[in-house]
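Below: the structure, in structure tokens.
Residue numbers (our numbering): 72 to 633.
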């Protein structure tokens with residue numbers, strides 16, 4: 072007999088069964104049954120909500136915290152100057168593609184997870200409770216180096232990639248554990264009327280959040296099993312796999328690369344990941360998108376037209392967080408171009424220099440850059456080196472190769488705008504009934520500069536307007552100039568290392584080795600390159616865009632036939 076059961080239909084209450092007496096009596100060993108007297112004891116039927124947090128690609132709270140703790144521990148023992156000698160710090164603090172999750176800052180997913188109220192022991196009259204589960208970002212694992220293929224492609228082909236779908240499986244263990252802890256403290260007090268989820272995600276973590284919400288809607292057996300295991304026979308009277316109360320998304324970028332889509336991470340197709348959000352998927356959905364993100368590899372999976380979506384100023388991680396406070400930026404704003412000229416030629420009169428200068432001036436008018444560039448030093452840099460050609464040298468012809476590109480340097484860029492976006496999402500979630508601890512004035516890490524306070528209020532009001540179906544009041548040009556001081560330039564032509572071309576982020580020097588880098592492999596040669604015209608690709612969910620996309624494919628096929 073189960074420990075609790077739903078009351079009769081005419082009674083809306085919930086009950087547990089309590090055994091009457093000490094149950095001691097003699098029974099024949101040949102009898103497989105015995106009679107036990109029980110009575111119904113009324114208990115509260117509570118709604119148990121699980122907050123599920125999917126961090127962004129390359130973001131992992133455990134790893135970034137571990138590196139800071141390692142540094143602090145070393146510093147306390149040997150002093151600041153010798154702290155870097157600690158083996159663990161040295162291993163993960165050095166620049167490297169596999170160390171991104173260790174060096175990153177705190178994301179808004181991590182902050183929301185910290186603020187999300189979690190109950191252990193219920194109060195006497197409490198009818199709702201919350202617990203939470205966090206999972207590190209795509210391409211990361213706690214205590215491990217990052218998976219480069221996982222971060223590049225988001226694929227779940229093998230578990231070691233730590234891809235989008237894999238993360239929706241990994242979080243099930245965390246959910247079961249959180250439920251088990253809660254039931255361990257409250258088993259005799261309550262019955263579970265229903266389990267529901269508040270799901271949050273950033274970047275590919277937002278794609279994971281959407282995929283997870285669809286799994287819940289479709290009553291995925293693995294989720295139902297995680298809930299059953301977590302509740303440990305305590306009884307659950309709602310949907311077996313639960314339901315989603317709120318889905319909060321920071322700038323969904325699925326960007327799944329696989330053989331099925333020819334590794335096109337800029338396209339609409341994201342094999343294996345369900346991004347569609349039909350009306351039954353959640354009670355409320357809200358997304359904040361990045362107004363100034365324009366990288367080719369970071370196309371937006373929009374929900375506009377189906378659910379409320381607010382575009383706020385900033386690049387991808389200005390919205391979802393993850394920047395360290397006071398980071399320097401050295402951004403190569405144009406792809407380096409080169410030409411061969413006479414050794415005696417004035418380099419500033421070369422075609423590559425004149426073209427770079429022309430582009431430098433044009434960049435100021437681009438929406439993605441116009442409010443960033445006034446806060447940095449923007450200049451056209453050149454490099455040249457002599458070419459050795461013995462045949463031409465015999466004829467007294469001496470040549471050199473000249474290269475030019477536009478650089479922007481910004482020092483100590485603050486990360487406070489992402490904390491504004493945090494507050495906008497908090498307001499949306501609280502409007503849906505999600506419970507968070509307040510941001511205290513003593514919390515210096517989440518404090519805002521005074522000049523951002525009125526802009527934060529305006530951003531929150533914009534979110535409220537969008538959720539009500541009205542047009543929000545946008546920021547003025549003067550307000551955007553203030554906000555621009557806090558925004559980052561995510562798009563650039565920087566390359567950490569390449570067999571053909573190498574750009575030093577620290578010095579801005581440009582070197583060419585033997586031949587040009589392949590310009591037709593933009594996704595992998597220049598992973599942060601801007602889209603055409605510094606404009607972002609946006610993929611909507613509505614059927615009209617999908618119909619238009621199919622029509623274009625059909626038209627192309629007909630053109631090929633005729």
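Think of the CB as a built atom: it goes at the ideal place given N, C-alpha and C, for glycine as much as any other residue.
Every value quoted in this text rests on a predicted model; they were computed, and no experiment measured them.
DSSP three-state assignment for residue i, whether helix, strand or coil
i	result
residue 552	helix
residue 307	strand
residue 335	coil
residue 570	Caution applies to residue 570, whose pLDDT of 37 falls short of 50 and renders its modelled position unreliable; the model cannot decide the point.
residue 294	helix
residue 534	helix
residue 420	helix
residue 390	helix
residue 584	Its pLDDT being 44, under 50, residue 584 is placed unreliably by the model, and the measurement read from it follows with that caveat. Coil, per DSSP.
residue 409	strand
residue 354	coil
residue 90	strand
residue 546	coil
residue 562	coil
residue 107	coil
residue 469	coil
residue 287	helix
residue 437	coil
Counted within 10 angstroms of its Cβ, other Cβ atoms place residue i as buried (16 or more) or exposed
i	result
residue 91	exposed
residue 235	buried
residue 406	buried
residue 554	buried
residue 561	buried
residue 400	buried
residue 178	buried
residue 589	With a pLDDT of 41 at residue 589, under the threshold of 50, the modelled position of this residue cannot be trusted; read the value that follows with caution. Label assigned to residue 589: exposed.
residue 500	buried
residue 87	buried
residue 282	buried
residue 549	exposed
residue 280	buried
residue 592	With a pLDDT of only 47 at residue 592, under the threshold of 50, the placement of this residue in the model should not be trusted; the figure read from the coordinates follows. Residue 592 should be labelled exposed.
residue 89	exposed
residue 237	buried
residue 290	exposed
Closest residue to residue i among the options (Cα-Cα distance)
i	options	result
residue 564	533, 600, 414 and 189	600
residue 635	608, 412 and 271	Since the first residue of the chain shown is 72 and the last is 633, residue 635 is not available in this structure.
residue 384	127, 533 and 200	533
residue 442	556, 506 and 544	556
residue 189	252, 178 and 174	252
residue 392	274, 425 and 199	274
residue 346	277, 387 and 367	277
residue 367	310, 123 and 606	606
residue 598	246, 417 and 336	336
residue 420	395, 390, 459 and 474	474
residue 602	296, 527 and 404	404
residue 258	180, 193, 428 and 518	193
residue 394	516, 281 and 373	516
residue 494	304, 243, 527 and 204	527
residue 331	317, 224 and 85	224
residue 350	284, 402, 323 and 466	284
residue 209	525, 132 and 381	132
residue 20	211, 248 and 342	As displayed, the chain neither begins before 72 nor continues past 633, which places residue 20 out of reach and without an answer.
residue 116	127, 186 and 196	196
Residue(s) in a DSSP beta bridge with residue i
i	result
residue 601	366
residue 610	372
residue 206	125
residue 267	120 and 314
residue 454	474
residue 481	400
residue 199	118
residue 178	392
residue 448	480
residue 249	The partner list for residue 249 (beta bridge, DSSP) is empty, contrary to what the question assumes.
residue 320	272 and 358
residue 261	115
residue 382	360
residue 557	According to DSSP, which records beta bridges pairwise, residue 557 is partnered with nothing at all.
Assumed close pair residue i, residue j - CB separation to whole angstroms, cut-off 8 angstroms
i	j	result
residue 612	residue 377	5 angstroms
residue 201	residue 301	The Cβ separation is near 14 angstroms, so there is no contact.
residue 476	residue 427	6 angstroms
residue 305	residue 246	No, residue 305 and residue 246 are not in contact; Cβ-Cβ is about 15 angstroms, not under 8 angstroms.
residue 294	residue 243	7 angstroms
CB contact check: residue i to chain C, cutoff 7 angstroms
i	result
residue 448	Among the chains of the structure shown, chain C does not appear; only one protein chain is present.
Proximity test, residue i beta-carbon vs the ligand ATP heavy atom, cut-off 6 angstroms
i	result
residue 431	No copy of the ligand ATP appears in this structure; indeed no ligand is present at all.
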